[in-house]
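Visitor: Chains L and F supply the protein sequences, listed in that same order. Our numbering puts the first residue of the first sequence at 178, with every later residue one more than the last. Our numbering puts the first residue of the second sequence at 934, with every later residue one more than the last.
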Amino acid sequence: MKKLEVSAIEEGTVIDQIANKSTFKVANILNIQKIEQVVLIGFNLSSKKLGKKGIIKIGGKLLTQEEVNKISLIAPDATVNIIKGSEVVKKFTVDIPDSIEEFMKCFNPNCVSNHQKILSRFHVINKNPIRIRCHYCERHMCVDDIELV
Amino acid sequence: MSLKDKDIISILDFTKEEILYILEISGKMEKEDRHGILSGKILANLFFEPSTRTRLSFEAAMKRLGGEVIGFDDLGTTSTVKGESLRDSVKIIEGYCDIIVLRHFLEGASRLTADSVNIPVINAGDGASQHPTQTFVDLYTIQKSKGEIENLSIGFLGDLKYGRTAHSLAYALAHFNADMYFISPPSLRMPKDYLEELELKKVSFQEVNSISEVSDKLDILYCTRIQKERFAEPVEYEKVRGLYKLSKSVMDELNVKDGLKILHPLPRVDEMDESLDSTEYAVYFQQAHSGVPVREALLASVLGVIQ
Ligand SMILES: [Zn+2]
């Protein structure tokens, strides 16, 4: 097993290759302050692929599909490693979904989704770079416009 | 082809074949008297924001085909002021009619309506985003005046930042191998969203500051209203006003391609001089009159009486 820069956990999930600036956003999405097991956050780590990267290790937690979807939007290069008995038993990259519901806010202040009690809805029209179109107002959003709720 | 029960919300929802089909039916509506084909049908014109001309053209289209019209055009008389959600309002009105035409001040309101009811919904303009029926009118006028829509060079002139009719028309023309020229002052350029979408569709386009740079290439010049208030500095407006104010003498000085036609969604303010009206370039009044047959075609198609 490859030696990791941040000390290892025995059971849980390691999210690696997080775009450095998105590290704390990912931590927020995962609600780490509510997790009772070990959480390790690495930041400004060197990465061949990204220059600088972040890593988050969470003891005892498996990500839900919704959490993976959210991470994919703000850290599309991230990889998820499932750890059991200190070994990586499963490794996958996050995949941007084709449509997004509920957890994102449209950045257009005049969009109907920001004025009525409805769930927001978006269509991913391009994955690299990310371009998301609001189902209602059709405005486009890129990674910097994304506001998760 | 059948467009029965299809909502008309955004031009992005239409294939090239569907667009051509609507234009074909529009031509039939203009030539033939189809009175009575919508008798017994009721259109609800829900105008949460006033727009007399659009409302009247839907009303005229429905009545010409023998249908009835109900509705409102004043927010003050509706229950929304009492706090009722748009979804509840339209779900109730759905029970009173066969088709809804919606105009709303919020962007995406017509998509929300279409998702909420089981009858067809036509977007008559929501916020700054789409106005698809105007786009069908524009396409119909282009096809009628040039004989075809394929392979044309189209110039879009004026306020391309806020001009939603130019935005939807550019999307529609992406199906027809158009060369597009976006002619505007730098501060009123086409928004990046639209340029990106055109790039994804591999459309050839170019942004320029003045019409003289491209006038010899254009088959169609699509003019939009340009308002002095859109400029941060009045001096900036003074610098460009000559470039964006069309008149017969301006056209005489430009090197233009034979058969150039000028469209404008109207109303105009002062971007097109009346001296242009009697020239062979002007097709904007025909364009305005096409609103009724095109809307007749849309109503009859989505209500399933023409297939
Ligand atoms: Zn929106």
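Glycine is no exception: its CB is placed at the ideal position from the N, C-alpha and C atoms.
Which residues of chain L have a Cβ atom closer than 7 Å to the Cβ of Glu-1129(F), listed in chain order?
Guide: What Glu-1129(F) touches in chain L: Arg-308 and His-317.
Visitor: Out of Tyr-1127(F), Ile-952(F), Arg-1020(F) and Arg-1158(F), state which residue places its alpha-carbon closest to the alpha-carbon of Ser-935(F).
Guide: Cα-wise, what sits closest to Ser-935(F) is Ile-952(F).
Visitor: Check whether the stretch 979-986 of chain F touches the stretch 1027-1037 of chain F, counting contact only when three or more Cβ pairs, one atom from each stretch, lie closer than 8 Å.
Guide: Result yes; three or more Cβ-Cβ pairs closer than 8 Å.
Visitor: What ranges does the alpha helix (DSSP H) occupy inside the stretch 1141-1190 of chain F, keeping only unbroken runs of at least 4 residues that lie completely in it?
Guide: With a minimum length of 4 residues, the continuous alpha helix (DSSP H) runs that stay inside the stretch 1141-1190 of chain F are 1167-1173 and 1181-1186.
Visitor: Taking 7 Å as the cut-off, does the CB of Gly-1041(F) come closer than this to any heavy atom belonging to ligand 1?
Guide: Yes, since a heavy atom of ligand 1 falls inside the 7 Å radius drawn around the Cβ of Gly-1041(F).
Visitor: Residues of chain L with CB closer than 9 Å to the CB of Ser-1018(F), please, in chain order.
Guide: Here the neighbours are Gln-293, Lys-294 and Ile-295.
Visitor: The alpha helix (DSSP H) that contains Phe-201(L), what's its start and end?
Guide: Unbroken alpha helix (DSSP H) run through Phe-201(L): 200-206.
Visitor: Kindly say whether Glu-1040(F), judged by its beta-carbon, lies nearer than 8 Å to any beta-carbon of chain L.
Guide: At least one chain L Cβ lies under 8 Å of Glu-1040(F).
Visitor: Comparing alpha-carbon positions, which option in Pro-1198(F), Thr-1068(F), Leu-1232(F) and Tyr-1029(F) lies nearest Gly-1004(F)?
Guide: When each option's Cα is compared against that of Gly-1004(F), the closest is Tyr-1029(F).
Visitor: Buried or exposed for Asn-1051(F), please, with buried defined as at least 16 other CB atoms from any protein chain shown within 10 angstroms of its CB.
Guide: So Asn-1051(F) counts as exposed.
Visitor: Compare the C-beta of Arg-1097(F) against all C-beta atoms of chain L and say whether one is closer than 8 Å.
Guide: Judged by the 8 Å Cβ criterion, Arg-1097(F) is not in contact with chain L.
Visitor: For Leu-945(F), tell me which candidate among Thr-270(L), Ser-290(L) and Arg-316(L) has the shortest Cα-Cα distance.
Guide: Among Thr-270(L), Ser-290(L) and Arg-316(L), the Cα nearest to that of Leu-945(F) belongs to Arg-316(L).
Visitor: Does DSSP put Val-1273(F) in a helix, a strand or coil?
Guide: Any answer about residue 1273(F) is impossible in this case: the structure gives chain F only from 934 up to 1240.
Visitor: Closest to Glu-1186(F) by CA distance: which of Ile-1144(F), Phe-1164(F) and Asp-1203(F) is it?
Guide: The residue with the shortest Cα to Cα distance from Glu-1186(F) is Ile-1144(F).
Visitor: Indicate the three-state DSSP secondary structure (helix, strand or coil) for Glu-951(F) in the structure shown.
Guide: Looking at Glu-951(F) - three-state DSSP - the assignment turns out to be helix.
Visitor: At a cut-off of 7 Å, is Tyr-1177(F) close to ligand 1 when judged by its beta-carbon and the heavy atoms of the ligand?
Guide: Not under cutoff, so the answer is no.
Visitor: Give the secondary structure of Asp-321(L) by DSSP, where H, G and I count as helix, E and B as strand, and everything else as coil.
Guide: Reduced to three states, the DSSP call for Asp-321(L) is helix.
Visitor: Does the beta-carbon distance from Lys-974(F) to Asp-938(F) come in below 8 Å?
Guide: For Lys-974(F) and Asp-938(F), no; Cβs fall outside 8 Å.
Visitor: Tell me whether Tyr-1155(F), by its Cβ, gets closer than 7 Å to a heavy atom of ligand 1.
Guide: No, Cβ of Tyr-1155(F) sits at least 7 Å from all heavy atoms of ligand 1.
Visitor: Under a CB-based cut-off of 8 Å, is Asp-946(F) close to chain L?
Guide: With 8 Å as the cut-off, Asp-946(F) does not count as an interface residue toward chain L.
Visitor: Please identify the residue among Leu-222(L), Lys-294(L) and Phe-201(L) whose C-alpha is closest to the C-alpha of Gly-1016(F).
Guide: Answer by Cα proximity: Lys-294(L).
Visitor: In terms of residue numbering, what span does the beta strand (DSSP E) encompassing Phe-280(L) cover?
Guide: Careful: Phe-280(L) lies outside any beta strand (DSSP E) and carries neither H nor E.
Visitor: Return the chain-ordered list of same chain residues with a C-beta closer than 6 Å to the C-beta of Ser-199(L), the five sequence neighbours on each side being excluded.
Guide: Same-chain partners within the cutoff: Ile-251 and Ala-252.
Visitor: Any C-beta of chain L within less than 8 Å: which residues of the stretch 1126-1159 of chain F qualify?
Guide: Answer in chain order: Asp-1126, Glu-1129, Glu-1130 and Leu-1133.
Visitor: For Thr-1066(F), count neighbouring C-beta atoms within 10 Å of its own C-beta (all shown protein chains included) and say buried if the count is 16 or more, exposed if not.
Guide: Thr-1066(F) should be labelled buried.
Visitor: Nearest by alpha-carbon distance to Glu-244(L): which of Phe-280(L), Glu-213(L), His-292(L) and Ile-186(L) is it?
Guide: For Glu-244(L), the nearest C-alpha among the options comes from Phe-280(L).
Visitor: How many angstroms separate the CA atom of Ala-1165(F) from the CA atom of Ser-1120(F)?
Guide: If I take the Cα positions, the gap works out to 9 Å.
Visitor: Taking the runs of the beta strand (DSSP E) that are 3 residues or longer, which of them lie wholly in the stretch 215-289 of chain L?
Guide: Qualifying beta strand (DSSP E) stretches, in chain order: 216-224, 228-236, 256-261, 264-270 and 276-278.
Visitor: Going along the chain, which residues of the stretch 276-293 of chain L sit with their C-beta nearer than 7 Å to a C-beta in chain F?
Guide: Cβ contacts with chain F come from Asn-285, Asn-287, Cys-288, Val-289, Ser-290, His-292 and Gln-293.
Visitor: What in chain L is Cβ-close to Gln-1063(F), meaning under 8 Å?
Guide: Result: Glu-315.
Visitor: How big is the Cα-Cα spacing for Ile-232(L) and Ser-224(L)?
Guide: Taking the straight line joining both Cα atoms gives about 11 Å.
Visitor: Skipping 5 residues on each side, what residues in its chain have a beta carbon closer than 7 Å to that of Ala-1047(F)?
Guide: Answer for Ala-1047(F): Asp-940, Ile-942 and Val-1054, listed in chain order.
Visitor: If you run the structure through DSSP and keep just helix, strand and coil, what is Glu-1040(F)?
Guide: Strand at Glu-1040(F).
Visitor: Could you tell me if the beta carbon of Cys-314(L) falls within a distance shorter than 7 Å of some heavy atom in ligand 1?
Guide: Cys-314(L): yes, Cβ under 7 Å from ligand 1.
Visitor: Val-1168(F): buried (16+ other C-beta within 10 angstroms of its C-beta) or exposed?
Guide: Counting Cβ neighbours within 10 Å, Val-1168(F) comes out exposed, since fewer than 16 surround it.
Visitor: Please state whether DSSP places Tyr-1114(F) in a helix, a strand or coil.
Guide: Strand.
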